[in-house]
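Worksheet: the structure to be examined is printed underneath.
Protein chains in written order, with this note's numbering: chain A, 10 to 369; chain B, -2 to 422.
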């Protein structure tokens, strides 16, 4: 009786089940991504019919002749495609960074920003604006944001290591909280002390997170980092599974725990820092997306990581499209949309899960 | 201390061995230079009181803790010379308890296959059959699809064991694998360990139940304060002396009826730990026979009294108990009449006692002198004989002795004897 049950599962549960879940999830999310992309490319101050958008896309890709007007073609190629790609890249990066943090810290509430990356990025950006550098070149702001994110991460790591001997997860978490508050305080101080009202507005604007600044040069920086980062994380998916199960199990099954933790934390910080540098602080992508996907396909990181990348991209793209269009011609910031939809959804997940079993 | 050599073809090969292992947690030294190993084909039990370093030794052998000094060798190579992945194919480790997570039992068991899988490879048919087989052996197939966090402690432990088996390692290290198991699954787990050993696997198990360890292990390592204090076959390690010196308990060690392996019956705590028990210890002498004094001698010893017993024939159930408990008594041959020498030795014990208790044993010509000696007691307590019981096999003579004794002593019901003795100061 039992034997036959398991026999039946042979194909589905183990051998191909991870693969099945991955493929199924990828197909569903892929269709969603295509649809969302089409909508995102067609909507905005200049409305473009879907058919024209499609032909414009094909033209851009080198197939056939566009039926869209030159203006429409230019809007799609120079403004909307980079914006879509940046949303997808940043969302994917935040999504996998969230999964990684939650697995490493064995804490369902771990967020990509938890090790101080976002706070550091924010401080860097605010300094760039206050110093007037942001006005001289569009790359200064992301550069400063990235430096800030990196600095915060390094401080958190050093404190975490000093406090715990080797990389202690608990002290990292606490150090992250402390450094975030500290950087946040300096950021607030810089904003208040900035006399230039326009610069002040720009700072607050940046802090709310947005993708409207997307240009091809930012896409060319963000996408390669995100793609390589995701690939490396997926290579460590099994190790992440074992770390979630327990440190002893991981070690005894051949994981170099210290090394793996270092690499994974570093990449998660890099991905978060990259996203923050080009889009400002966007909350909840790294929480809502991994949890929703985990709820459907289970905790196996071999499926969870790639699907969270797709899901994160999709979520941020939809949020950005909404941000552009709900109050058109005024743009609501995408960070506001993700927080407004993400926070209630996360609370819902929390209540739902508490009544059953744990979150991870 | 004798070390029994298990008779296997691989007699000389030590699969895994800790040499002079020293481990500290902070300033606390938990393992203080232990050299111990496990060979293919044997089940080694690691025992010792709480905090003696059992788990640390096991974790050191698994390569999970950093040694301050010393080394752990696997087939002649130190663990540092082996890659973690290769080590994971050779050595399997099962922690005391598994944490909660939302992987299913089957997914968890399949993780035992990770060290055997290439990068980016998913579990194949053979991995699945290893997992399925391991789950069948641990009787966990029925919850293959349940999440680990929804399982009970014992179920989790069995799934952990299945994970360990699926790993197909040459050395298995298990930390209290029976801790939260019911009796049936304790046996199943130990039997599984034995099966693995018979297939040439080296098995080391931390167990705190000494009787369980003695019954199922070929060899025992006894740790105390981070040091190996005894090593060898169960009979040489599970001794009254070791139990007293290392575990601070008074205990009897006797052959377990079925396996013949040592079995521990704990009688009480020694020394300081004794507390309330035995506030006013007395010399209590028990006149009994044919098992009538067994539990009385045991209970009185537990209370802390110094117990002695009458003349007891070889093979008498009461004599066995007296021997086990280390109770002074006079030995005689079976079913023989008590000699005058034996009688005078017995009367000496009776006179020394603060109180003498006469049990409701049958009396015949052989043991009549036991009953008669009771007349010399300073203080006498007779257990009430059941109404109408036939016990006098001396044509009424013993009955008259008993009547005489009853006029001098106190008649007490069997279940109140210990309490009555406790009231005497």
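We put the CB at the ideal spot given by N, CA and C, even for glycine.
Euclidean distance between Cα positions of residue 42(B) and residue 92(B): Locating residue 42(B) in the second chain gives position 45, where the first residue counts as 1. Locating residue 92(B) in the second chain gives position 95, where the first residue counts as 1. The straight-line gap separating the alpha-carbon atoms of residue 42(B) and residue 92(B) is approximately 15 Å.
Would you mind listing the alpha helix (DSSP H) stretches within the stretch 102 to 137 of chain B that are 4+ residues and don't spill past its ends, in chain order? Fully enclosed alpha helix (DSSP H) runs of no fewer than 4 residues occupy 102 to 107, 122 to 134 of the stretch 102 to 137 of chain B, in order along the chain.
Can you tell me whether DSSP reads residue 337(A) as helix, strand or coil? Taking the first chain and counting its residues from 1, one reaches residue 337(A) at position 328. Secondary structure at residue 337(A): coil, using DSSP grouped into helix, strand and coil.
Would you call the stretch 89 to 109 of chain A in contact with the stretch 279 to 287 of chain A, where contact means no fewer than 3 C-beta pairs closer than 8 Å? Inter-segment contact for the stretch 89 to 109 of chain A and the stretch 279 to 287 of chain A is present: three or more beta-carbon pairs are separated by less than 8 Å.
Under three-state DSSP, which class holds residue 93(B)? Against the second chain, residue 93(B) aligns to sequence position 96. Annotated three-state conformation of residue 93(B) is coil, per DSSP.
Of all the CB atoms in chain D, is at least one closer than 8 Å to the CB of residue 18(B)? Here the protein chains are A and B, and chain D is not one of them.
Are residue 133(A) and residue 114(A) touching if we call contact CB-CB under 8 Å? Here the question's residue 133(A) lines up with position 124 in the first chain. Here the question's residue 114(A) lines up with position 105 in the first chain. The Cβ atoms of residue 133(A) and residue 114(A) lie no closer than 8 Å to each other.
Can you give me the start and stop residues for the beta strand (DSSP E) that residue 360(B) sits inside? As a position in the second chain, residue 360(B) is number 363, starting the count at 1. First-last for residue 360(B): undefined, no H or E at that position.
Helix, strand or coil: how does DSSP classify residue 410(B) here? Position 413 of the second chain, counted from the start, is the residue given in the question as residue 410(B). Residue 410(B) falls in the coil class under three-state DSSP.
Can you have a look at residue 163(A) and say buried or exposed, based on whether 16 or more other CB atoms are within 10 angstroms of its CB? Taking the first residue of the first chain as position 1, residue 163(A) is located at position 154. Label assigned to residue 163(A): exposed.
Could you tell me the alpha carbon to alpha carbon distance between residue 341(B) and residue 417(B), rounded to whole angstroms? As a working note, residue 341(B) is residue 344 in the second chain. As a working note, residue 417(B) is residue 420 in the second chain. Roughly 28 Å separates the two Cα atoms.
Which one or two residues does DSSP pair with residue 229(B) in a beta bridge? Within the second chain, the letter at position 232 stands for residue 229(B). Residue pairing by DSSP places residue 229(B) opposite 217(B) in a beta bridge.
Does DSSP classify residue 379(B) as helix, strand or coil? Numbered from its first residue, the second chain carries residue 379(B) at position 382. If DSSP states are grouped into helix, strand and coil, residue 379(B) belongs with the strands.
How would you list, in chain order, the residues of chain B whose beta-carbon sits under 9 Å from the beta-carbon of residue 244(A)? Stepping through the first chain from its first residue, residue 244(A) is reached at position 235. What residue 244(A) touches in chain B: 116, 117.
Alpha carbon to alpha carbon, what distance is there between residue 22(B) and residue 126(B)? Position 129 of the second chain, counted from the first residue, corresponds to residue 126(B). Position 25 of the second chain, counted from the first residue, corresponds to residue 22(B). Using only the alpha carbons, I get a separation of about 40 Å.
Chain A partners of residue 171(B), CB-CB under 8 Å? Here residue 171(B) refers to the residue found at position 174 when the second chain is read from its first residue. Those do not exist, as residue 171(B) stays about 11 Å from chain A at its closest Cβ, beyond 8 Å.
Buried or exposed for residue 215(A), going by 16 or more other Cβ atoms inside 10 Å? Position 206 of the first chain, counting from 1, holds the residue named residue 215(A). Classification of residue 215(A): buried, given that the 10 Å Cβ count is 16 or more.
Enumerate in chain order the residues of its own chain whose CB-to-CB distance from residue 366(A) is below 8 Å, with the five nearest sequence positions on each side excluded. The residue given as residue 366(A) occupies position 357 in the first chain. Reliability fails at residue 366(A), whose pLDDT of 49 lies under 50, so the model's placement of it is uncertain and the value that follows must be treated cautiously. If the five residues before and after residue 366(A) are omitted, its C-beta is found closer than 8 Å to no C-beta atom of its own chain.
On the three-state DSSP scale, how would you describe residue 47(B)? The residue given as residue 47(B) occupies position 50 in the second chain. Residue state, collapsed to three classes: coil.
Within 8 Å of chain B by C-beta, residues of the stretch 252 to 269 of chain A in sequence order: Within the stretch 252 to 269 of chain A, the qualifying residues are 253, 254, 255, 257, 258, 260, 261, 262, 263, 264, 265.
Taking C-alpha atoms, which residue in 32(B), 143(B), 317(B), 99(B) lies nearest to residue 50(B)? In the second chain, residue 50(B) corresponds to position 53, counting from 1. Closest by alpha carbon: 32(B).
For residue 239(B), does the count of other Cβ atoms within 10 angstroms reach 16, so buried, or fall short, so exposed? As a working mapping, residue 239(B) is identified with position 242 in the second chain. In the assembly as shown, residue 239(B) is a buried residue. Its beta-carbon has 16 or more other beta-carbons within 10 Å.
Identify whether residue 390(B) lies in helix, strand or coil by the three-state DSSP scheme. Residue 390(B) sits at position 393 when you count from the first residue of the second chain. DSSP places residue 390(B) in coil when its eight states are reduced to three.
Within 8 Å (strictly less), CB to CB, does residue 61(B) reach chain A? Here residue 61(B) is taken as the residue at index 64 of the second chain, counted from 1. Against chain A, the CB of residue 61(B) has a partner CB under 8 Å away; the residue lies at that interface.
If distances are taken between C-alpha atoms only, which option among 167(B), 157(B), 85(B) comes closest to residue 196(B)? Taking the first residue of the second chain as position 1, residue 196(B) is located at position 199. Measuring from the Cα of residue 196(B), the nearest candidate turns out to be 167(B).
According to the neighbour-count rule (16 or more other Cβ atoms, all chains shown, within 10 Å of its Cβ), is residue 122(B) buried or exposed? Working through the second chain from its first residue, we reach residue 122(B) at position 125. Looking at its Cβ environment, which holds fewer than 16 other Cβ atoms inside 10 Å, residue 122(B) is exposed.
According to the neighbour-count rule (16 or more other Cβ atoms, all chains shown, within 10 Å of its Cβ), is residue 367(B) buried or exposed? Here residue 367(B) is taken as the residue at index 370 of the second chain, counted from 1. A residue is called buried when at least 16 other Cβ atoms come within 10 angstroms of its Cβ; residue 367(B) meets this threshold and is buried.
Drop a sphere of 10 angstroms on the beta-carbon of residue 212(B), count the other beta-carbons inside from all chains shown, and report buried for 16 or more, exposed for fewer. Residue 212(B) sits at position 215 when you count from the first residue of the second chain. Label assigned to residue 212(B): buried.
Name, going along the chain, the residues of the stretch 26 to 37 of chain A whose beta-carbon falls closer than 9 Å to a beta-carbon of chain B. Listed by position along the chain: 26, 27, 28.
For the stretch 313 to 329 of chain A against the stretch 260 to 268 of chain A, are there 3 or more C-beta pairs whose distance is under 8 Å? Contact fails: fewer than three Cβ-Cβ distances are below 8 Å.
CB contact below 8 Å: residue 247(A) versus chain B: The sequence position of residue 247(A) within the first chain is 238, counting from 1. At a cut-off of 8 Å between beta carbons, residue 247(A) contacts chain B.
Beta-carbon neighbours of residue 174(B), restricted to chain A and to distances below 7 Å: Position 177 of the second chain, counting from 1, holds the residue named residue 174(B). The contacting residues do not exist; residue 174(B) stays about 14 Å from chain A at best.
Using a beta-carbon distance below 8 Å, is residue 22(B) in contact with chain A? What you label residue 22(B) is simply residue 25 of the second chain in a count that begins at 1. Not flagged as an interface residue toward chain A: residue 22(B), since no C-beta distance is shorter than 8 Å.
Does residue 179(B) pass the burial test, meaning 16 or more other C-beta atoms within 10 Å, or should it be called exposed? Working through the second chain from its first residue, we reach residue 179(B) at position 182. Per the 10 Å Cβ criterion, exposed.
Provide the residue span of the alpha helix (DSSP H) that contains residue 109(A), from first to last. For this step, residue 109(A) is matched to residue 100 along the first chain. Counting along the chain, the alpha helix (DSSP H) containing residue 109(A) begins and ends at 90 to 114.
At a Cβ threshold of 8 Å, is residue 315(A) touching chain B? The count along the first chain starts at 1 and reaches residue 315(A) at position 306. Using a Cβ-Cβ cut-off of 8 Å, residue 315(A) does not count as an interface residue toward chain B, since no Cβ of chain B sits closer than that to its own.
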